[in-house]
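Protein chains in written order, with this note's numbering: chain H, 231 to 477; chain D, 43 to 816.
Built from N, CA and C at the ideal position, the CB exists for glycine as well.
Note that the structure is a prediction, hence the values are computed from the model and not measured.
Now the structure itself:
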């Protein structure tokens, strides 16, 4: 039986259907979790997809964290449950304090809709274990507020704790620091994704679900989704799809 | 003379209704005068924007029949079956005047309005293409407009989660005071869910859901869209609607759920003309009437006058005709999506739009003590609205395009100006109109929806259709430069180029939507441009066998700076049966043979080269042979289907040299070309004669490709091969002309530019033109 993974749907979510489609391809059973519900319906992991949760006119993700579903997600995360935030989902997680740092307006003050390359810093997490270290992964970004920010001391602490899991990289594979055209939003230290201290909640700005099929130009996002599906299956005590296929 | 003696224009004239039109209104009201509310309702519905009173007679000449057409003109959008039980809905619409007054909101609500036209029919919007036209990019006001419009398109489309996959961005001095913002939307629906804008069934409820009604957009259609206006008139800002993309997102989801669950009998979005338009159009189509309960309409603020409520163009509202037993379920859906919903009237059998103040009783009849404040036959507002016979007068000096095959003009001006063809090519590639649009489209989300196979940047956009092997291919094109010289040719060329851009991917064009942007129809020369444009559109669509499934007419595009160049913006959607055959314009592989299909005909007027070199309209634009165009498109689709094609590109803006340079830039591969028998280097390299393709094939397939072209009666010639890190074009004149002549005889003009230089010019041209980078 495929592992059940929740996809939270806020009224302004607009990547929920893409995420559900990609989870299907990754061998999971997606479960829609409406923002007004307080139960996670026993899912093994949760994805907060991209979009504009409640319109985000004030600031991305600022209202979403007060929704009933987010109280449930916070409790789930507190118990060690796996939660992945993509784009607006990352913004919501940051606003809710479930991952460190903040996402500011892009340095250009313009929306950034383009392909980027990111590289996984760690491949020993629940969200990255199917990836290769530092191999550039091509996938789209599409956001107006994606500039990762924390103060210098906090950034140093993040690095020491190895909580940076993805960085924007340029064509040479080097970290794309702010000012480098390969950094789409001015994120400090080229940070594209982070993980919480306990390793069960992660967020990233790029969209792996839009890079999960060759026809769309890249399958590089699939590694992230597969990692999550595998980890969720293990957490649920199920045989992972990969192991099942191997038999 | 005292203040009281100052003559005041009568109300109807202040609302834009002429004396003759007032008489026609009386005729439709049994001879009586309309009251002020009724007059306000007529003024919006009889505006050019809502009534098409100047264009309706012309539009009847367009071909509308075609294979698979499920819904055509008159509906909110055209709908064409694509098999597998699916259909595609698409339409293009203008939001020119609002964008000139308030660029962000004007463009944003333009996106919102066209998306509503799509999902109102039961289709989920899957893509937006925006065709934008502005004045000189170096001008500060142009830059302000570009910035606002681009942010508006992105701000709305990005938030509702519909990818912006293509469009156009064109600069031409004629748009300085009157930019064009034309937005095309595409949706996908299961055929069984097709929903029409109709209010059938007397006794049914009329439900309004979505945003509350406010004072924004009062007279948007009549004041803004249907009259010539002066530059940046701040007094008209209140007529611009204000968009709320989050509300639109909720409206999309709620509407599609209502349709999916069979909870509506008919559905109409509220756009121009607001509640008056939605009620009268749906009633007229169903042959019914509607009793409007004015007091039941949810409002944003107290104190709205009845006329304001009836004609407000507040955005993000929908009007549904529903059975009484469906109401509780509708309310539940709307509440779940956080949308206010109210019963604002009843469908009747009297054919009238009747407005009642004071409420309805439990049986849906006017309550005791209520007042009837307006009663107008629904058809008088819509299908029986006034139609004007306008006068068309061609300009005194009309130009005829040279016949195909006529000898080229001896002087092409290229050598005379001492220009090096390589420098001309770089200047064209880096020009505001031909350089990469990336600086703009990177501000749009082009990949949300996870169906974008080819987004903005390289001709047509491609979207896969999930659950099938198919793909939809879409593009917009408009040729105003030639249109300014010959409006028939400009329109026909626009159709030819848009469909060609679809055909070179391997897809079969399904249908055409159009946005006709012209000047003041009461001026005979402007009306002539419109009538010639419609004739060109009709001729081209007939020749290519394509139905026109809908569109929009935007007139009065004039400002103190003059009238815009006639601009028929053409949107085309095509179907690729097997996405694995999708063909791209980029050079594919070193060693591939490059074949040129079609031949260069004389004439440089209207070309990018002419604009660059300052060639005036003393010259003629190249002519278009529609039968040839059709043959070219049939040929390339067949060649792709037979697997003979490695890449395919059409020759358009900037001519053959720019077409080759683009193939090289996108493929990151150079090429070596030899053009024999070039009559004139400028025509051969930079002329924009239509119906031409640059096709590449593996060497083993080249002979078959050439043979197929010949079998289709097309001129065809292998001109070189792919490879290297530079573009080399050697143009050998058949006779001694131009620079070659100066050098004494039959000598080749050679162009040789490193790929790196081509890329650099092309990538940075737009941002430089707009001052976005140094």
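Cβ pair residue i, residue j closer than 7 Å
i: residue 131 of chain D; j: residue 143 of chain D; result: no
i: residue 305 of chain D; j: residue 218 of chain D; result: no
i: residue 279 of chain H; j: residue 258 of chain H; result: no
i: residue 258 of chain D; j: residue 322 of chain D; result: no
i: residue 195 of chain D; j: residue 172 of chain D; result: yes
i: residue 242 of chain H; j: residue 288 of chain D; result: yes
i: residue 682 of chain D; j: residue 506 of chain D; result: no
i: residue 469 of chain D; j: residue 811 of chain D; result: no
i: residue 535 of chain D; j: residue 666 of chain D; result: yes
i: residue 260 of chain D; j: residue 354 of chain D; result: yes
i: residue 693 of chain D; j: residue 752 of chain D; result: no
i: residue 339 of chain D; j: residue 390 of chain D; result: no
i: residue 385 of chain D; j: residue 247 of chain D; result: yes
i: residue 191 of chain D; j: residue 149 of chain D; result: yes
i: residue 294 of chain H; j: residue 235 of chain H; result: no
i: residue 200 of chain H; j: residue 372 of chain H; result: The requested residue 200 of chain H is not part of the displayed model; chain H covers only 231 to 477.
i: residue 440 of chain H; j: residue 492 of chain D; result: yes
Opposing strand residues paired with residue i [DSSP bridges]
i: residue 251 of chain H; result: None; residue 251 of chain H has no bridge partner.
i: residue 689 of chain D; result: D/738
i: residue 310 of chain D; result: D/361
i: residue 287 of chain D; result: Paired residue(s): none; residue 287 of chain D is not in a bridge.
i: residue 760 of chain D; result: D/637
i: residue 594 of chain D; result: D/557
i: residue 770 of chain D; result: D/714 and D/794
i: residue 213 of chain D; result: D/176
i: residue 408 of chain D; result: D/402
i: residue 610 of chain D; result: D/558
i: residue 348 of chain D; result: DSSP lists no partner for residue 348 of chain D.
i: residue 546 of chain D; result: Its beta-bridge partners do not exist; DSSP assigns none.
i: residue 191 of chain D; result: Answer is none; residue 191 of chain D lacks a bridge partner.
i: residue 424 of chain H; result: H/394 and H/433
i: residue 48 of chain D; result: Answer is none; residue 48 of chain D lacks a bridge partner.
i: residue 255 of chain D; result: D/341
Opening and closing residue of the alpha helix (DSSP H) in which residue i lies
i: residue 376 of chain D; result: 369-378
i: residue 558 of chain D; result: No alpha helix (DSSP H) holds residue 558 of chain D; the beta strand (DSSP E) holding it covers 550-559.
i: residue 229 of chain D; result: No alpha helix (DSSP H) contains residue 229 of chain D, which is instead part of the beta strand (DSSP E) from 222-232.
i: residue 506 of chain D; result: It is not in any alpha helix (DSSP H) - residue 506 of chain D instead sits in the beta strand (DSSP E) that spans 503-506.
i: residue 86 of chain D; result: 78-87
i: residue 464 of chain D; result: 463-471
i: residue 333 of chain D; result: Here residue 333 of chain D belongs to no alpha helix (DSSP H); instead the beta strand (DSSP E) covers 331-335.
i: residue 299 of chain H; result: 298-308
i: residue 454 of chain H; result: 452-465
Unbroken beta strand (DSSP E) run spanning residue i, endpoints
i: residue 264 of chain H; result: 259-264
i: residue 383 of chain D; result: 383-390
i: residue 250 of chain D; result: 247-252
i: residue 396 of chain D; result: 394-399
i: residue 416 of chain D; result: 413-419
Contact residues within the region 321-333 of chain H, judged by C-beta distance below 7 Å to chain D: Of all residues in the region 321-333 of chain H, none comes within less than 7 Å of chain D when Cβ atoms are compared.
Completely contained beta strand (DSSP E) runs for the region 697-753 of chain D, where each covers 3 or more residues: Runs of the beta strand (DSSP E) inside the region 697-753 of chain D: 713-720 and 735-739.
Cβ-based contacts, 7 Å cut-off: residues of the region 373-392 of chain H near chain D: Against chain D - using a Cβ distance shorter than 7 Å - the region 373-392 of chain H contributes no residues.
Every unbroken alpha helix (DSSP H) within the region 98-185 of chain D, with a cutoff of 4 residues, ordered by chain: 98-101, 138-143 and 145-161
Sequence ranges, beta strand (DSSP E) only - wholly within the region 334-418 of chain H, length at least 3: 342-350, 367-373, 377-379 and 394-398
Residues, ordered as in the chain, of the region 618-638 of chain D that lie near chain H by beta-carbon distance below 8 Å: 621
Residues of the region 285-318 of chain D whose Cβ lies closer than 7 Å to any Cβ of chain H, in chain order: From the region 285-318 of chain D, only 288, 291 and 292 have a Cβ closer than 7 Å to chain H.
Residues of the region 467-486 of chain D whose Cβ lies closer than 9 Å to any Cβ of chain H, in chain order: Here the close residues are 480, 483, 484, 485 and 486.
Interfacial residues, the region 166-193 of chain D to chain H, with Cβ spacing under 7 Å: none
Residues, ordered as in the chain, of the region 367-387 of chain D that lie near chain H by beta-carbon distance below 7 Å: 379 and 380
Length-filtered (3 minimum) beta strand (DSSP E) runs lying within the region 488-533 of chain D: 494-496, 503-506 and 513-519
The region 342-370 of chain H: positions lying closer than 7 Å to chain D by Cβ: Residues are counted here when their Cβ sits less than 7 Å from a Cβ of chain D; for the region 342-370 of chain H these are 342, 343, 344 and 370, given in chain order.
Residues within the region 442-457 of chain H neighbouring chain D, beta-carbon criterion of under 9 Å: For chain D, the residues of the region 442-457 of chain H that bring a beta carbon within less than 9 Å of one of its beta carbons are 442, 443, 445, 446 and 447, in chain order.
Residues, ordered as in the chain, of the region 412-442 of chain H that lie near chain D by beta-carbon distance below 8 Å: Answer in chain order: 437, 439, 440 and 442.
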